[in-house]
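In the working numbering, the protein residues as written are 17 to 109.
Worksheet for the structure shown next.
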Amino acid sequence: MGELGEAQQRGAACVWCAQTLTAETALDLGERRIKVLDGDITAFPRGCRPCTADAAYRALMDHAPRCEQCVDDAGRCDTGVALRRLMREGRRR
Ligand SMILES: [Zn+2]
Ligand SMILES: [Zn+2]
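See below:
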């Protein structure tokens, strides 16, 4: 994540496409420490469903082959489980 606008930091807009989010369209990405000009802040980023599903898929493809736990038993890796959950929820209509 690079530079985020103020609305994106608050979770009011998608962190990827900047679309304004509602409770219906948003997926919670969890609390994140992100870097801004004057240091780290805690943000609560949210994404719209298509962006989140897409980003979760790419993150999983990047993560899974390099994660011993995922190769071994994907159900026991917190990261893998969280990414799969985001993918599922993002694709649900
Ligand atoms: Zn989006
Ligand atoms: Zn993993």
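Cβ coordinates follow ideal geometry from the N, Cα and C atoms, glycine included.
Predicted model, so just to flag it, every value in this text is computed and none were measured.
Practice task
Compute the distance between the beta-carbons of ALA29 and THR36, then report whether it is under 8 Å.
Solution key: The answer is yes: Cβ separation under 8 Å.
Exercise for the section: Can you say whether MET103 is buried or exposed, counting buried as having 16 or more other CB atoms within 10 angstroms of its CB? Expected result: Classification of MET103: buried, given that the 10 Å Cβ count is 16 or more.
Exercise for the section: Within its chain, find whatever has a CB closer than 8 Å to the CB of PRO66; leave out the 5 residues flanking it on each side and keep chain order. Expected result: The answer, listed in chain order, is GLY106.
Handout entry: Exercise answer, beta-carbon shell around ligand 1 heavy atoms below 7 Å
Key = Qualifying residues, in the order they occur: CYS30, TRP32, CYS33, GLN35, GLY63, CYS64, PRO66 and CYS67.
Handout entry: Proximity test, GLY96 beta-carbon vs ligand 2 heavy atom, cut-off 7 Å
Key = Flag set: Cβ of GLY96 near ligand 2.
Exercise for the section: Put ALA98 into one of helix, strand or coil per three-state DSSP. Expected result: Helix.
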